[in-house]
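Numbering (the working numbering), first residue to last: 19 to 191.
We put the beta carbon where it would ideally sit given N, CA and C, even for glycine.
What you are looking at is a predicted structure, and each value in this text was computed from that prediction instead of being measured.
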């Protein structure tokens with residue numbers, strides 16, 4: 019395989035992977051889920067640093083001991099995902115603890131700070147969001163989708179120009 023052919027294959031694979039990741043994130047946002055990168059080992063072995071957790075808002079009444087929830091604040095943008103170990107239905111608070119921690123979190127979490135219940139996680143995908151910042155926000159998605167589409171269009175244009183000029187042979191080094 020020539021260097022040019024290998025370069026085209028790698029380029030196409032990268033573009034396809036990028037489009038799939040963007041599509042995956044858009045699907046999750048459209049279905050009401052938000053992704054949060056795991057940035058510590060407090061939930062190991064259940065969740066590892068670099069995983070991404072997809073959580074969806076549920077009513078307080080739907081929560082049960084043992085559920086894994088993402089809690090935080092929209093104002094501070096600080097979130098963490100831990101397991102519910104206690105529920106106070108009268109005060110509408112939950113007690114959480116990381117699976118890898120020996121003690122409960124220092125403060126109970128009021129219901130308004132519960133972002134959502136974890137639906138699933140994807141290993142290692144969180145490293146991408148950590149590297150690229152808040153990719154789950156619309157601006158980040160638009161930029162990422164634009165880059166993916168631009169890469170594909172540029173590749174199609176270059177390939178068609180090469181074919182028109184007779185330079186489409188794979189036998190060149």
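Quiz item: Is the number of C-beta pairs between the segment 120-137 and the segment 81-89 that are closer than 8 Å three or more?
Solution: yes
Quiz item: Grouping DSSP H, G and I as helix and E and B as strand, with all else coil, what is residue 36?
Solution: helix
Practice problem: Could you tell me whether the Cβ atoms of residue 48 and residue 70 are closer together than 8 Å? | Solution: no
Exercise. Give me the Cβ distance between residue 62 and residue 117, rounded to the nearest whole Å; I'm assuming they're in contact under 8 Å.
Key: 7 Å
Exercise. If I'm right that residue 65 touches residue 99 with Cβ under 8 Å, what's the distance once you round it to whole angstroms?
Key: 7 Å
Quiz prompt | In DSSP terms, what residue 27 is bridged to | solution = Bridge partners of residue 27: none, in fact.
Practice problem: Please name the residue, chosen from 121, 113, 79, that lies closest to residue 60 on a Cα-to-Cα basis. | Solution: 121
Practice problem: Apply the 10 Å Cβ neighbour rule to residue 168 and answer buried if 16 or more other Cβ atoms are within range, or exposed otherwise. | Solution: exposed
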